[in-house]
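To start, the structure under review is shown below, and the notes come after it.
Numbering (mature numbering (1 follows the signal peptide of the UniProt record, and there is no 0)), first residue to last: -27 to -1, 1 to 294.
This is the structure we're talking about:
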């Protein structure tokens, strides 16, 4: 008896036995996505908490051993740019980006978005960084950090909500102005979201007001995928809608128990163990001009933070789409 092994016959036979869904389609990509698009996997070091604060050099080496090579700084950790660069060089990795906040939340003398362009360029140049990101919206000039034991999250949400849509307009203008000032120094400026941006207000949202104010030629977006999902957005759809404007993403997953909210709340998970649809999100990133991919995870952690970073890395490094 002759067995017909042509493609149509084989797929029909597999379908009859329920096997078709268990194997990759003919012609489907088999090379891991990040290898195929030639982009490194990175980490926003905020996710490592005190470990990075106390021993950045050791932290970078442990993460590099997992396969991470690109890192985003949450700040300078009270150290000099020269010392930070030495830690990166010793670990054989690079800093691709840094978060720079506004002065209200930082000690006097800190590097902030309002520092002089020359000071910012000198510090970032020493570390080999060309991208800076404002990680939070504007807060009132008289904003005070809560006393020890106070609820920082509630204080931030209340301050942002009190600013209304006008705050988002002012934020867009400030980012445009600072980005224009930094451009001649070779520094690109971006904005990182949480989920407060997506609260409905007056038929729109702070996010949409901000997008309308920002000059896409000056200011890029760093989309935090976990916070976007917690705020009710479809991350893949938003990436495609804003194609070309999102230059960096935070690869962050959340559990299905997370309820849509605009108050800095989520139930965190390692990448691949939560509810986000990475089979839609990552191809959208690859096709929409995303340049830097930083794994991040919010507290509370259910395991050691380094173990969480390893789980996320291994899922992403093997991801095929």
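Note that the Cβ used here is the ideal one computed from N, Cα and C, for glycine as well.
So residue i is in the alpha helix (DSSP H); what residue range does that whole segment cover?
| i | result |
| --- | --- |
| residue 290 | 278 to 290 |
| residue 91 | 90 to 100 |
| residue 114 | Element bounds for residue 114: n/a, residue is neither H nor E. |
| residue 124 | From DSSP, residue 124 is part of no alpha helix (DSSP H); its letter is neither H nor E. |
| residue 182 | 179 to 186 |
| residue 7 | 6 to 9 |
| residue 55 | 54 to 64 |
| residue 294 | Taken as a continuous stretch (DSSP letters only), residue 294 belongs to no alpha helix (DSSP H), as it is neither H nor E. |
| residue 211 | 208 to 214 |
Looking only at C-alpha atoms, which of the options sits nearest to residue i?
| i | options | result |
| --- | --- | --- |
| residue 16 | 161, 93, 166, 285 | 285 |
| residue 38 | 112, 166, 279 | 279 |
| residue 57 | 79, 25, 85 | 25 |
| residue 54 | 94, 150, 234, 36 | 94 |
| residue 134 | 4, 236, 265 | 236 |
| residue 48 | 31, 125, 85 | 85 |
| residue 90 | 159, 68, 11, 122 | 159 |
| residue 101 | 78, 69, 73, 74 | 69 |
| residue 187 | 197, 218, 198 | 218 |
| residue 213 | 151, 79, 262, 137 | 262 |
| residue 209 | 256, 76, 195 | 256 |
| residue 22 | 282, 231, 287 | 282 |
| residue 231 | 62, 140, 200, 9 | 200 |
| residue 139 | 128, 122, 182 | 182 |
| residue 147 | 81, 229, 74 | 74 |
| residue 72 | 96, 125, 62 | 96 |
| residue 216 | 254, 249, 248, 250 | 254 |
Looking at the secondary structure, which residues open and close the beta strand (DSSP E) in which residue i lies?
| i | result |
| --- | --- |
| residue 28 | That residue, residue 28, is in no beta strand (DSSP E); it is neither H nor E in DSSP. |
| residue 43 | 43 to 46 |
| residue 68 | 67 to 72 |
| residue 105 | 104 to 107 |
| residue 196 | 192 to 197 |
| residue 86 | That residue, residue 86, is in no beta strand (DSSP E); it is neither H nor E in DSSP. |
| residue 306 | What the structure shows of the chain is the stretch from -27 to 294, and residue 306 is not part of that stretch, so it cannot be assessed. |
With a cut-off of 8 Å on the beta carbons, I'd call residue i and residue j a contact; round off their distance for me.
| i | j | result |
| --- | --- | --- |
| residue 227 | residue 203 | 6 Å |
| residue 111 | residue 155 | Not confirmed; about 18 Å, so no contact. |
| residue 168 | residue 234 | 7 Å |
| residue 34 | residue 64 | 5 Å |
| residue 294 | residue 40 | Not confirmed; about 19 Å, so no contact. |
| residue 45 | residue 18 | 7 Å |
| residue 152 | residue 191 | 4 Å |
*List in chain order: all unbroken alpha helix (DSSP H) runs of 4+ residues lying wholly within the stretch 227 to 262.*
251 to 260
*Are the stretch 267 to 276 and the stretch 239 to 255 in contact at 8 Å, needing three or more beta carbon pairs?*
yes
*Take every Cβ of the stretch 92 to 111, pair it with every Cβ of the stretch 157 to 170, and state whether three or more of those distances are shorter than 8 Å.*
yes
*asked:* Check whether the stretch 114 to 127 and the stretch 164 to 181 touch, using three or more Cβ-Cβ pairs below 8 Å as the test.
replied: no
*Could you pull out every unbroken beta strand (DSSP E) segment of at least 3 residues lying fully inside the stretch 137 to 167, listed in chain order?*
161 to 165
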